[in-house]
Ligand code: Z5A
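Residue numbers (the working numbering): 11 to 220.
See the structure below:
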């Protein structure tokens, strides 16, 4: 792939959207063409699956159904948008990707990570991000930051315990590979963005711009 694939992860309210805007400005200032996208979603079909996944009417959704819908949306998104953009040399910034499935459907819902890994291999093969930024924040702080945004979706209705398991899974996964950069999102926005900039310049294509 000619472009680079960057994902940004973390529990609710850690500042993913806010910091994606920073990454966009960072790449613009270096004349790097990029596409910003999100999961679940990113294409017309995947956004329709997102609507089902987030709809609180679907309170009886089985965890395995939820996992398969996440990967169905991801497969479509990856083949229709992400890979073609990377092949054209564009960078892709994605708000959540496969690590969220390990954290939410694995850590949160209790599905075995080996099963998730099988579904990942079946749908994506060995395709993975080049860089994954995990924004980390105590769950209470994240929920407080995200609060007051109107009606809650199916995930936002989950308990603090659920989100603590999600956070723990992100942190455990981040220890397994050098593509992860964990950033303390409790700090000021400028401090967080300084760390994100440093993580970006670790990518081979940007090393010379350090
Ligand atoms: N999901 C899943 O289960 N499995 C999967 O495989 C995938 C997803 C891909 C999609 O939600 C849901 O799908 C998600 C997991 C599940 N559910 N949950 N929870 P989403 O990603 O679309 O939405 P979200 O996670 O709920 O994101 P969010 O609430 O929009 O949060 P955010 O983007 O991380 O935060 P933000 O909007 O950038 O910032 C929140 C506020 O904090 C805002 O007012 C900022 O100005 C402020 N902020 C940000 N940084 C700072 C700092 N450093 N200091 C002070 N204030 C700050």
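All C-beta atoms in this analysis are idealised placements derived from N, C-alpha and C, irrespective of residue type, glycine included.
CB contact below 7 Å: residue i versus chain B
{"i": "residue 162", "result": "The structure shown contains no chain B; it holds only a single protein chain."}
heavy atom of ligand 1 below 6 Å from residue i C-beta
{"i": "residue 165", "result": "yes"}
{"i": "residue 22", "result": "yes"}
{"i": "residue 49", "result": "yes"}
{"i": "residue 28", "result": "yes"}
{"i": "residue 222", "result": "Only positions 11 to 220 of the chain appear in the structure, and residue 222 is not among them; the question remains open."}
{"i": "residue 25", "result": "yes"}
{"i": "residue 32", "result": "no"}
{"i": "residue 80", "result": "yes"}
{"i": "residue 110", "result": "yes"}
{"i": "residue 55", "result": "no"}
Cβ neighbour criterion (16 or more within 10 Å) applied to residue i
{"i": "residue 79", "result": "buried"}
{"i": "residue 144", "result": "buried"}
{"i": "residue 94", "result": "exposed"}
{"i": "residue 109", "result": "buried"}
{"i": "residue 76", "result": "buried"}
Element boundaries [beta strand (DSSP E), containing residue i]
{"i": "residue 17", "result": "15-19"}
{"i": "residue 44", "result": "44-48"}
Bridge partner(s) assigned by DSSP for residue i
{"i": "residue 41", "result": "BP columns for residue 41 are empty, so no partner."}
heavy atom of ligand 2 below 6 Å from residue i C-beta
{"i": "residue 156", "result": "Although ligand 2 was asked about, the structure shown includes only ligand 1 as ligands."}
Practice task
Indicate whether the contact test is met: 3 or more Cβ pairs, each with one atom in the segment 20-38 and one in the segment 169-187, closer than 8 Å.
Solution key: Yes, the segment 20-38 is in contact with the segment 169-187.
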